[in-house]
Amino acid sequence: MPMITFIEPDGARRDVEAELGATLMETAIRNGVRGIVAECGGACTCATCHVYVDEEWFGVTGGPSSMEEDMLDFAFEVEDTSRLSCQIKIRAELDGLVVRVPSRQG
1 MPMITFIEPD
11 GARRDVEAEL
21 GATLMETAIR
31 NGVRGIVAEC
41 GGACTCATCH
51 VYVDEEWFGV
61 TGGPSSMEED
71 MLDFAFEVED
81 TSRLSCQIKI
91 RAELDGLVVR
101 VPSRQG
């Protein structure tokens, strides 16, 4: 299973195993990652699972869809590598992925 590193709002690093086919948001929730709220449960109708993908991984995860971009308008402090974690599916190529969780969610 791929290993994902979440950097929580306080800077703590959480290395967790992710199930193939799950979303990054589901992985965060299952592992109690602080800062991921996921109010809509992964339906891409809120911005409470916002993360910053590490720059070296952004090409692997790809950029947001137009629907995701619309929802990112509701997120705080959006950066070039911002994504909604509910829209990133875990696959083998993401082994080693690093994401930062913002200090507050939309």
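Quick note on numbering: the sequence shown equals residues 1 to 106 in UniProt numbering. We put the CB at the ideal spot given by N, CA and C, even for glycine. Every value quoted in this text rests on a predicted model; they were computed, and no experiment measured them.
TODO: With DSSP as the reference, please indicate the residues paired to Val53 in a beta bridge.
DONE: One-based indexing of the sequence shown puts residue 53 at position 53. Val53 is bridged to Val99.
TODO: Find the nearest neighbour of Thr81 within the set Val16, Pro102, Ala28, judged by alpha-carbon distance.
DONE: Position 81 of the sequence shown holds residue 81. Nearest of Val16, Pro102, Ala28 to Thr81, Cα basis: Pro102.
Open item on the list: In this structure, how does DSSP classify residue 114 when only helix, strand and coil are distinguished?
Closed with: Look at the range of the chain in this structure, 1 to 106, and you will see that residue 114 is not part of it.
- [ ] Take the Cβ of Ala18 as the centre, count every other Cβ of all protein chains shown within 10 Å, and call the residue buried at 16 or more, exposed below.
- [x] Taking the first residue of the sequence shown as 1, we reach residue 18 at position 18. With 16 or more Cβ atoms within 10 Å of its Cβ, Ala18 is classed as buried.
- [ ] Helix, strand or coil for Met67, going by three-state DSSP, please let me know.
- [x] Locating residue 67 in the sequence shown gives position 67, counting from the first residue. Helix at Met67.
Task: Burial state of Leu85, where buried means 16 or more other Cβ atoms lie within 10 Å - done: On the sequence shown, position 85 is the one that residue 85 refers to. A quick correction: the sequence has Ser, not Leu, at residue 85. Ser85 is buried by the Cβ-count criterion.
- [ ] Output yes or no for whether 9 Å exceeds the beta carbon distance between residue 135 and Thr27.
- [x] Here the chain has residues from 1 to 106 only, and residue 135 is not among them.
TODO: Grab the span of the beta strand (DSSP E) containing Leu84 for me, first residue to last.
DONE: What you label residue 84 is simply residue 84 of the sequence shown in a count that begins at 1. Start and end: 82–84.
TODO: Measure the C-alpha to C-alpha separation of Gly35 and Ala12 and round it to an integer number of angstroms.
DONE: Looking up residue 35 in the sequence shown gives position 35. Looking up residue 12 in the sequence shown gives position 12. In a straight line, the C-alpha of Gly35 is about 11 Å away from that of Ala12.
- [ ] Take the Cβ of Leu20 as the centre, count every other Cβ of all protein chains shown within 10 Å, and call the residue buried at 16 or more, exposed below.
- [x] The residue labelled residue 20 in the question sits at position 20 within the sequence shown. Answer is exposed; the Cβ neighbour count stays below 16.
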